[in-house]
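So the protein lines, in turn, are chains A and C.
Everything in the first sequence is counted per the UniProt record's numbering, starting at 1 for the first residue and increasing by one.
Everything in the second sequence is counted per the UniProt record's numbering, starting at 1 for the first residue and increasing by one.
We put the beta carbon where it would ideally sit given N, CA and C, even for glycine.
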Amino acid sequence: METTGFSSPRPDAFPAGLRVLVVDDDPTWLKILEKMLKKCLYEVTTCNLAREALDLLREKKDRFDIVISDVNMPDMDGFKLLEHVGLEMDLPVIMMSVDGETSRVMKGVQHGACDYLLKPIRMKELRNIWQHVFRKRIHEVRDIESQESLEEIQMMRNGMEQYDDGYLFCGADLISGKKRKDVDNKQDDRHYGDPSSVKKARVVWTVELHQKFVKAVNQFGYDKVGPKKILDSMGVPWLTRENVASHLQKYRLYLSRLQKENELKATFGGMKQSDISSKDTAGNVCPQNSSNASQNNVTNGSYGICGSKIPIKNVDSKIHVEDMKIASVQMAEPKEALIGDITDPQKCSNSRTGLNHSFRQIGLDVKCEPTIPTQYSWTEVPPVQFKQEHKPHFQSQSWSSEVRPVQFKQEHKPHFQSESSFSHLPLARNHIQVDCTEPILSHHPMPSTNEKDKRADIGPNCIKSRSQGIGIVTPVESTAELFSVQPKSHLTHCQEFQLIPSSMWNTKNHSLEHILLNDVDSSQRNLILGTGSSFRLWDEELQGYSPRGDFHPQNAGFENIESFAYSNQEIIDDVPPLLYDSLNFDYGNASETMEYPVIEQGLFIA
Amino acid sequence: MERNLHRQLANMKKSLFDQGYLDHEQFTQLEELQDEANPNFVEEVVTLYYRDSARLIQNIEQALEKNPLDFAKLDNYMHQFKGSSCSIGARKLKNECTQFIEYCKTGNGEGCKRTFQQLKKEYSSLKKKLEHYFQFARQVGPLEKACRPK
């Protein structure tokens, strides 16, 4: 409660006048922090209850620049507060506690904390907190600018309106190499301290506003909705599309976090369930179903990418990595259609819904993963990298909620997901049902939400994977012998795909379908695992299975991975023996090495 | 004479550091926060700490009487107490807290109780020492240190 009373920070003196809200139930720390922050010339407000802080934040709207909050508070968990602030106020939050346990810090970061300070907190740390405010402002400017420039491109291309912020961010990164510099320069000309000049009127998402937003999202369906639709539906005149887009993105992240927590809870149950079903043939229909559903979803999602990529491709041709993924997913589609016909539609739709989420998760995971797999799939193949990929899997089993669930799991517990996540995204189902009855790949004009999420999250990573794409194109030949695959053929496919209309692609699909019908399943699985390996696999299959043996990793880490084991069983009933090889291949990836003799099928059958 | 007193006071503080009661860095931080607006900032903080932590001590005491022990609760209380204690740089106390939390993790009730007795001893011993120190500081009068111009 400073008496100097800047109603807004002095624009000339940033960071002086930074408005800080400190929340801690410990009065001693509150007193110390207040004093320290004042010494930094910040404007301090203190609060010893989290709920009070939240009320304060909601009521005073744009009155704070940053929040510092303790983790352990009796009335409300600091993480909860963090979640609310992140979602409603979009303010940077610094967490603090005396406990520096990695898991806790990680939790803080995962919930969106921009920093995590350990008590005793030093003055020098506080002196520096303005950087979070500043960084955020830079990003905001950047986002807005790149969105604008991207929108222009969009208009030029084909006026598809549905591109979402995810795409925008991604695309923005694509072209913003130069742009970024400009933005920074512009930033310099502005007054850092004055939010109104830096940002385009920052929106404070009050509870009511947020509720309106959620209502709009639910109205259209979590999957289909784009910021523009939401904006129109909300009917708030002063809100801009960017405001909504950015909030939508946050909302999705938020949901995915919730989702992840639920999934982790469901993981063990999921494993059990699959065990049962693998023994029970009748029960098998269900898991099988769901795994197909997941593929279907993947397909849609990826298809979305592909569609949205077409324009980008003109801007930057290095997107093959992604596109290749897409191509192999698409192979999945025909089969999905077949299965879909056979199976009980209701089940289908149910499991699909769940899987939709799981794909969203994958999308998130992609953030950290895809770069690795793509790298090793075509370039060097150091065993270490496989390890890297593998690790997260174990961690996720043991770390409780800290780690992003790795894809393998998600794939296997679709039913659970659908149950747990229904409440959030009730409308997802419609979207998916369409897919299930429609084998034709006709969804491309609208990238599915999952995909959007993925792209939004990937951000800079996107660029990375793309630039690796170049690597892919070139080393194809050299790696071909290593893998005895011809990724090139694959490439051609996906490029063709991009150029030809979807109907043509379909026919192509169908012809391939016969060859791949069974393998598709596994290759899809690979895909879901989110590794580049699937491409290899897929390619091999194109070659008529022959080279497959070359990759088979021995003692493929399945003894380590229970969830694998049952996934395997699940498939066994429906898949011809040849496929085991490809499955082996999977495991091999997950474990570590490449050059392995063929694994005996018996291993898996047993 | 006065210089002598000042030296005595400085020695007193130094022995608190040397004997491990206080964390030099944190306590110095607090002293540096003292200014015209709060010439007795350190003392205020310490007083506040003892007032507030008495409640926590009581909570822990009660929780330790329960059977069976609720280790999660104890852990939670002790985290609060630890966080609070590090605010004044109460080093020995903080160490006891860490020990206590370890015992909580392993479910060692006896260890917890033993550590808590030790912790209470340190708690009141430090209190006495600090009271003594501040009292003496007041006697010595406004030293340059306490009201050093910003």
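Close beta carbons around residue i, own chain, < 6 Å, minus the five adjacent residues each side
i	result
T46(A)	V22, L30, E34
I60(C)	Y77
Q273(A)	With a pLDDT of 39 at Q273(A), under the threshold of 50, the modelled position of this residue cannot be trusted; read the value that follows with caution. Around Q273(A): no qualifying Cβ.
M76(A)	A50, R51
F27(C)	G89
K229(A)	F220
L130(C)	V46
D18(C)	none
L33(C)	F41
E31(C)	V42
Test: residue i CB closer than 8 Å to a CB of chain C
i	result
T46(A)	no
P27(A)	yes
Residue j beta carbon less than 8 Å from that of residue i
i	j	result
F136(C)	M12(C)	yes
residue 617(A)	R19(A)	For chain A, the structure presents residues 1 to 606; residue 617(A) sits outside this window and is missing.
residue 620(A)	M96(A)	Here chain A comprises residues numbered 1 to 606, so residue 620(A) is not present and cannot be evaluated.
C112(C)	L74(C)	yes
E88(A)	V225(A)	no
L22(C)	R114(C)	no
Q64(C)	L93(C)	For the sequence presented, residue 64(C) should be read as Leu rather than Gln. The answer is no: Cβ separation not under 8 Å.
L81(A)	L117(A)	no
W130(A)	F14(A)	yes
L209(A)	V236(A)	yes
R122(A)	C40(A)	no
For residue i, the nearest candidate out of the options (CA to CA)
i	options	result
S53(C)	I101(C), Q80(C), A63(C), L33(C)	Q80(C)
R252(A)	P227(A), R58(A), L239(A), K107(A)	P227(A)
S85(C)	H6(C), S15(C), N108(C), S124(C)	S124(C)
D24(A)	S87(C), K14(C), C97(C)	S87(C)
F220(A)	L209(A), D232(A), H210(A)	D232(A)
L258(A)	K107(A), P237(A), K124(A)	K107(A)
C97(C)	G89(C), Y103(C), K82(C), K105(C)	K82(C)
Q249(A)	R51(A), D62(A), D223(A), Y116(A)	D223(A)
G20(C)	F116(C), V140(C), E122(C), T47(C)	E122(C)
E140(A)	P92(A), R104(A), K80(A)	P92(A)
G78(A)	N243(A), R63(A), W205(A), V109(A)	V109(A)
R104(A)	N218(A), L56(A), D70(A)	D70(A)
I32(A)	V85(A), K119(A), I94(A), D99(A)	K119(A)
W238(A)	G100(A), S246(A), V203(A)	V203(A)
H132(C)	R3(C), G109(C), Q8(C)	Q8(C)
R142(A)	E242(A), D99(A), E59(A), E83(A)	E242(A)
K127(C)	A10(C), N4(C), R51(C)	R51(C)
L57(A)	Y254(A), G112(A), H84(A)	H84(A)
C-beta neighbour in chain A for residue i, strict 8 Å
i	result
Q26(C)	yes
F116(C)	no
residue 205(C)	Residue 205(C) lies beyond the range of chain C shown here (1 to 150); nothing can be said about it.
V140(C)	no
N95(C)	no
N38(C)	yes
Proximal residues to residue i (C-beta, below 7 Å), its chain only, five neighbours per side dropped
i	result
residue 615(A)	Residue 615(A) lies beyond the residue range present for chain A, which begins at 1 and ends at 606; the question has no answer from this structure.
Y49(C)	S84, S87, I88
C104(C)	F71, L74, D75, M78, C112
E43(C)	F134
L133(A)	The question names Leu, but residue 133(A) is Val in the sequence shown. Contacts found: L18, D65, I66, P92.
G107(C)	F71
Own chain partners of residue i with C-beta closer than 8 Å, once the 5 adjacent residues on each side are dropped
i	result
M73(A)	V23, D24, D25, L49, A50, L81
The ligand GDP heavy atom lying under 7 Å from the CB of residue i
i	result
Y21(C)	As far as ligands go, the structure on display features none, and thus does not contain the ligand GDP.
Proximity test, Cβ basis, 8 Å: residue i and chain B
i	result
S233(A)	Among the protein chains of the structure shown, namely A and C, there is no chain B.
Scan the segment 69-92 of chain C for residues whose Cβ lies nearer than 9 Å to a Cβ of chain A and list them as they occur along the chain. Under the 9 Å Cβ criterion, the segment 69-92 of chain C contributes N76, H79, Q80, K82, G83, S84, S85, C86, S87, I88, G89.
Contact list for the UniProt domain "Response regulatory" (19-134) of chain A against chain C, Cβ threshold 8 Å: Cβ contacts with chain C: D25, D26, P27, T28, W29, K31, I32, K35, M36, K39, D70, N72, S97, V98, D99, K119, P120, R122, M123.
For the segment 48-62 of chain C, list every residue whose C-beta sits within 7 Å of some C-beta in chain A, in sequence order. The segment 48-62 of chain C vs chain A, Cβ under 7 Å: L48, Y49, D52.
Under 9 Å, CB to CB, which of the residues in the segment 5-33 of chain C have a partner in chain A? Within the segment 5-33 of chain C, contact with chain A at the beta-carbon level (separation under 9 Å) is assigned to D23, E25, Q26, Q29, L30, E32, L33.
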